[in-house]
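S.K.: Numbering (this note's numbering), first residue to last: 429 to 948.
Every residue gets a Cβ at the ideal spot worked out from N, C-alpha and C, and that includes glycine.
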Ligand code: KIV
Ligand code: ZN
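1. Alpha carbon to alpha carbon, how far is residue 749 from residue 758? Give it in angstroms, no decimals.
2. Pair every Cβ in the segment 649-657 with every Cβ in the segment 584-595, then say whether three or more of these pairs are closer than 8 Å.
3. Give the DSSP bridge partners of residue 827, in chain order.
4. Only counting the same chain, and skipping five residues up and downstream in sequence, which positions put a Cβ closer than 6 Å to that of residue 854?
5. Within 10 angstroms of the Cβ of residue 543, are there 16 or more other Cβ atoms? Answer buried if so, exposed if not.
6. State whether the segment 856-871 contacts the segment 917-930, with contact taken as three or more CB pairs (one from each stretch) at a distance under 8 Å.
7. Going by other Cβ atoms of all chains shown within 10 Å of its Cβ, with 16 needed for buried, is residue 660 buried or exposed?
8. Beta carbon of residue 470, beta carbon of residue 500: below 9 Å?
9. Name the DSSP beta bridge partners of residue 575, please?
10. Would you kindly work out how many angstroms separate the C-alpha atoms of residue 457 and residue 764, rounded to a whole number?
11. Per DSSP, which residues does residue 908 bridge with? Please list them.
12. What span of residues does the alpha helix (DSSP H) with residue 584 cover, start to end?
13. When you compare the CB positions of residue 577 and residue 631, do they come within less than 9 Å of one another, or not?
14. Give me the residue from 908, 892, 866 and 934 with the minimum Cα distance to residue 802.
15. In terms of DSSP beta bridges, what is residue 636 paired with?
16. Compute every distance between the C-beta of residue 569 and the non-hydrogen atoms of the ligand KIV, then say whether any falls below 8 Å.
17. Look at the alpha carbon of residue 433 and the alpha carbon of residue 475, and state the distance between them as a whole number of angstroms.
18. Below 7 Å CB to CB, which residues in the same chain sit around residue 879 once its five sequence neighbours on both sides are set aside?
19. Could you round the C-beta distance between residue 607 and residue 640 to whole angstroms and report it? I think they count as a contact, below 8 Å.
20. Considering only their Cβ atoms, is the gap separating residue 514 from residue 482 smaller than 9 Å?
21. Leaving out the 5 sequence neighbours to the left and right, which residues in its chain are closer than 8 Å to residue 624 when beta-carbon positions are compared?
22. From the DSSP secondary-structure annotation, give me the bridge partner or partners of residue 832.
23. DSSP puts residue 692 in a beta bridge; with which residues?
24. Output the distance between the C-alpha atoms of residue 648 and residue 637, rounded to the nearest integer angstrom.
25. Where residue 555 and residue 510 are concerned, what is the direct C-alpha to C-alpha distance, given to the nearest angstrom?
26. In three-state terms, what does DSSP make of residue 854?
27. Any contact between the segment 434-445 and the segment 659-674? By contact I mean 3 or more CB pairs, one from each, below 8 Å.
28. Residue 799 to residue 773, Cα distance in whole Å?
29. Hey, does residue 902 have any beta-carbon neighbour from chain D nearer than 9 Å?
30. For my contact list, residue 579 and residue 537 are in at a C-beta cut-off of 8 Å; report their separation, rounded to the angstrom.
31. How would you write the range of the alpha helix (DSSP H) that residue 949 sits in, first residue to last?
32. Let me check understanding here. Comparing Cα to Cα, which of 527, 694, 535 and 480 lies closest to residue 517?
33. Say yes only if the C-beta of residue 601 is nearer than 8 Å to one or more non-hydrogen atoms of the ligand KIV, and no if none qualify.
34. Mind checking whether the beta-carbon of residue 672 lies closer than 8 Å to any heavy atom of the ligand ZN?
35. Taking the beta carbon of residue 789 as the centre, do at least 16 other beta carbons fall within 10 Å, making it buried, or is it exposed?
Okay, structure coming up:
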């Protein structure tokens, strides 16, 4: 990896998967899940992890606090609107952080100031300056964002930014909140700001681009070429509406085109695919097969002429190697004779570390069961297995003891389910429109969650009919949305597990997703 020399030849990677990413409808996460993602981001050497929005909900406060406690190699950041209450909450939540940052923002575009904030520009400047001063009482590391900067007036942006720098902001983040700008225009905005603001040399300029026109990565790179030295992005491009700039695309563009960029990031790119899989699994947002870098087809060569070229010299059709971004070359890994040590070591290579002997034992027991039924176990199987064990380790009240379904032509399928609920076993038998439908109805007959099913998706983890099925289930109850996950060689069992995992989350009420919050 290129050694980073000074801050000017370093592009800071600020990941907001846990904050802006979580704002995608349906992508809400539990505190445990946020922590697991934060650990992978830390391992990837992300510089700043925006862990959440502490004032948005007690769950989000807790999540930021836990990430701040457990992450030590990356700076942990909390978002705050430009008001004293939000900044205090962020400051308190971040207290345990080894390196903590408060990110405060207020909208600066005419349309937002008039309709959302109902404030005059002078009031907006006052709010911004006092929020930054307040944040400096908690940490020296304060970031300020003029929200909707992409549609703000240049003179006003220069005025407010100059004043927040004087008030103590150390990073100025320019968001293209609605994904409206074009690359040349956005790059031009960054160079205009750097040139026109008299104290601009005291701060790092950052950018935060949304993908409404599919330009978030292009805009971010154009801004970096114009002098921005921090990019805000998310794994898999997760985020509000069409998403944020994708971390993997920015990082690999910069790394692959070092002939064009005179800076690089610190990212350990081999962690990109494991992070992508984890985020997709936790949120239930699948990665499209042709997605750059992390899509299943990103390194697949179908056309004979391409295959021939790649066999002769990889560079004929590949501009980077699959291994460099974490796709494993040695795909067949373990079998039924593999021991605990080999299991733990292989997972370590894949970026998973067990928090306790108990969690290792649980996952190993499941691995042995799987190895009895499945001849070849791939890296992807192991990743799904540990993710599933992690999902289930979260003090679940309900678990699946037994499931039997029957499907027959011209007969309504039925499912018999036995659930363990605390110390009790409860059974039900129900028919449905299919085996999965019957299983869900049987579970619902016992748990009576009162929720509606918003999403049911099945994904095959590897190829072949003996592949594990990975199922995501999204349930909604009174505005609360939870994602459940399950994997198994039998997709009906995987589906039942996913449903029960979601029901556990509903009952634990441990979600961190921010509710509707007002502008400031
Ligand atoms: O898109 C946006 O403007 C944001 C800000 C809070 C930075 O997410
Ligand atoms: Zn955003």
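M.R.: Per the coordinate set shown:
1. Sequence index remark: in the chain shown, residue 758 carries index 330 (1-based). Sequence index remark: in the chain shown, residue 749 carries index 321 (1-based). Confidence at residue 758 is low in this model, with a pLDDT of 48, below 50, so its placement is unreliable and no value can be given for it.
2. no
3. Counting from 1 along the chain shown, the entry for residue 827 is found at position 399. 848.
4. Residue numbering aside, residue 854 sits at position 426 when the chain shown is read from its first letter. Result list for residue 854: 847 and 874, in chain order.
5. For the purposes of this step, residue 543 is taken as residue 115 along the chain shown, with counting starting at 1. Flag for residue 543 reads exposed.
6. yes
7. Working through the chain shown from its first residue, we reach residue 660 at position 232. By the neighbour-count rule (16 or more Cβ atoms within 10 Å), residue 660 is buried.
8. Locating residue 470 in the chain shown gives position 42, counting from the first residue. Locating residue 500 in the chain shown gives position 72, counting from the first residue. Yes, they are a contact pair.
9. Locating residue 575 in the chain shown gives position 147, where the first residue counts as 1. The partner list for residue 575 (beta bridge, DSSP) reads 535.
10. Here residue 457 is taken as the residue at index 29 of the chain shown, counted from 1. Here residue 764 is taken as the residue at index 336 of the chain shown, counted from 1. For residue 457 and residue 764, the distance between alpha carbons rounds to 34 Å.
11. Here residue 908 corresponds to residue number 480 of the chain shown, with the count starting at 1. Looking at the DSSP assignment, residue 908 forms a beta bridge with 905.
12. As a working note, residue 584 is residue 156 in the chain shown. Note, residue 584: alpha helix (DSSP H), 582-595.
13. Residue mapping note: residue 577 aligns to position 149 of the chain shown, counting from 1. Residue mapping note: residue 631 aligns to position 203 of the chain shown, counting from 1. No, these two residues do not count as a Cβ contact at 9 Å.
14. Within the chain shown, residue 802 is the residue found at index 374, counting from 1. The option with the nearest alpha carbon to residue 802 is 892.
15. Within the chain shown, numbered from 1, the residue matching residue 636 stands at position 208. Residue 636 is bridged to 603 and 660.
16. As a first step, residue 569 is located in the chain shown; it is residue number 141 there, counting from the start. It does not: the Cβ of residue 569 is nowhere closer than 8 Å to a heavy atom of the ligand KIV.
17. Translated into the one-based positions of the chain shown, residue 433 becomes position 5. Translated into the one-based positions of the chain shown, residue 475 becomes position 47. Residue confidence is low: residue 433 scores 47 on pLDDT, short of 50, so the model does not pin down where it sits. Its coordinate-derived value is still stated next. Answer to the nearest angstrom: the Cα atoms are 15 Å apart.
18. Locating residue 879 in the chain shown gives position 451, counting from the first residue. Only 903, 904, 905 and 934 meet the Cβ criterion.
19. Looking up residue 607 in the chain shown gives position 179. Looking up residue 640 in the chain shown gives position 212. With 8 Å as the limit, residue 607 and residue 640 qualify as a contact, their Cβ atoms being about 3 Å apart.
20. Here residue 482 refers to the residue found at position 54 of the chain shown. Here residue 514 refers to the residue found at position 86 of the chain shown. Cβ atoms of residue 482 and residue 514: closer than 9 Å.
21. Locating residue 624 in the chain shown gives position 196, counting from the first residue. Answer for residue 624: 582 and 586, listed in chain order.
22. Position 404 of the chain shown, counting from 1, holds the residue named residue 832. 844.
23. The sequence position of residue 692 within the chain shown is 264, counting from 1. For residue 692, which the question treats as bridged, DSSP gives the partners 438.
24. Translated into positions along the chain shown, residue 648 becomes position 220. Translated into positions along the chain shown, residue 637 becomes position 209. Taking the straight line joining both Cα atoms gives about 6 Å.
25. Here the question's residue 555 lines up with position 127 in the chain shown. Here the question's residue 510 lines up with position 82 in the chain shown. When rounded, the distance between both Cα atoms is 6 Å.
26. Position 426 of the chain shown, counted from the first residue, corresponds to residue 854. In this structure, residue 854 counts as strand in the three-state DSSP scheme.
27. yes
28. Position 371 of the chain shown, counted from the first residue, corresponds to residue 799. Position 345 of the chain shown, counted from the first residue, corresponds to residue 773. One C-alpha to the other measures close to 17 Å.
29. In the structure shown, chain D cannot be found, because there is only a single protein chain.
30. Within the chain shown, the letter at position 151 stands for residue 579. Within the chain shown, the letter at position 109 stands for residue 537. Their Cβ separation, rounded to whole angstroms, is 4 Å, which keeps residue 579 and residue 537 in contact under 8 Å.
31. Because the chain spans 429 through 948 in this model, residue 949 falls outside it and cannot be assessed.
32. Position 89 of the chain shown, counted from the first residue, corresponds to residue 517. Nearest of 527, 694, 535 and 480 to residue 517, Cα basis: 480.
33. Reading the chain shown from its first residue, position 173 is the one you call residue 601. It does: the Cβ of residue 601 is within 8 Å (strictly closer) of some heavy atom of the ligand KIV.
34. Reading the chain shown from its first residue, position 244 is the one you call residue 672. Yes, since a heavy atom of the ligand ZN falls inside the 8 Å radius drawn around the Cβ of residue 672.
35. For this step, residue 789 is matched to residue 361 along the chain shown. Its Cβ having fewer than 16 others within 10 Å, residue 789 is exposed.
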